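Here's the structure we're looking at; comments come further down.
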Amino acid sequence: PENLDALASDGYVQSYYILKPTENHCKEREVMFRFGSWFYSGRVDLPAIKSLQDIPSVIREMRLAQHKLEFVGNVSSLSASNKFVKPMQYSTLICKRMEEEAVSCE
1341 PENLDALASD
1351 GYVQSYYILK
1361 PTENHCKERE
1371 VMFRFGSWFY
1381 SGRVDLPAIK
1391 SLQDIPSVIR
1401 EMRLAQHKLE
1411 FVGNVSSLSA
1421 SNKFVKPMQY
1431 STLICKRMEE
1441 EAVSCE
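The numbering of the sequence shown is the working numbering, which starts it at 1341 and goes up by one.
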């Protein structure tokens, strides 16, 4: 099994992971919400994301829908085959690179 330790964080992390809809006209999407060490997932009706200007309304809808999501567990309870693992690994890598860039500019 793949090691998911790289997804662990010493700091506070809050992230939304939103998959593409299964059909173009469908508003329902599979989502995962990370709150610190805990993960919650489910299906949420979200507005279409056509441009970056749509992101604030999507975030607002995600916040309103958080209570509908089911608790998944923490990083150690995630399976490497979970469909959200690859996007999480990518965003974790990108965030670490951005932090390195910011520190190198000081």
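Every residue, glycine too, gets a C-beta built ideally from N, C-alpha and C.
Values in this document were obtained by computation on a predicted structure and should not be read as measured data.
Rounded C-alpha distance that separates Lys1436 from Leu1347: The C-alpha of Lys1436 lies about 11 Å from the C-alpha of Leu1347.
Candidates Phe1373, Ala1388, Glu1446, of which the one nearest Gly1382 by Cα: Selection Phe1373, Ala1388, Glu1446 evaluated against Gly1382 yields Phe1373 as nearest (Cα-Cα).
7 Å Cβ cutoff met for Glu1370 and Leu1386: No Cβ-Cβ contact shorter than 7 Å links Glu1370 with Leu1386.
Best match in Val1412, Cys1366, Val1398, Met1402 for proximity to Ser1377 [C-alpha to C-alpha]: If we check each option's Cα against that of Ser1377, Val1412 comes out closest.
Local conformation of Pro1341 per DSSP, three classes: Note on Pro1341: pLDDT 41, under 50, position unreliable in the model; the coordinate value appears next. Look at Pro1341 here: in three-state DSSP terms it is coil, with no helix or strand label.
Beta-carbon proximity of Leu1344 to Tyr1380, cut-off 7 Å: No, they are not a contact pair.
As assigned by DSSP and simplified to three states, the class of Ser1381: Here Ser1381 sits in strand by DSSP.
Endpoints, alpha helix (DSSP H) assigned at Val1443: In the DSSP annotation of this structure, the continuous segment of the alpha helix (DSSP H) that includes Val1443 starts and ends at 1425-1444.
Sequence-distant residues of the same chain with beta carbon closer than 6 Å to Met1402, five excluded per side: Within the same chain, Cβ atoms closer than 6 Å to the Cβ of Met1402 are found at Tyr1356, the five residues on either side in sequence being excluded.
Distance, Ala1388 Cα to Glu1368 Cα: Taken atom to atom, the span from the alpha-carbon of Glu1368 to that of Ala1388 is near 10 Å.
Buried or exposed (CB count within 10 angstroms, at least 16 for buried), Phe1424: Phe1424 is buried by the Cβ-count criterion.
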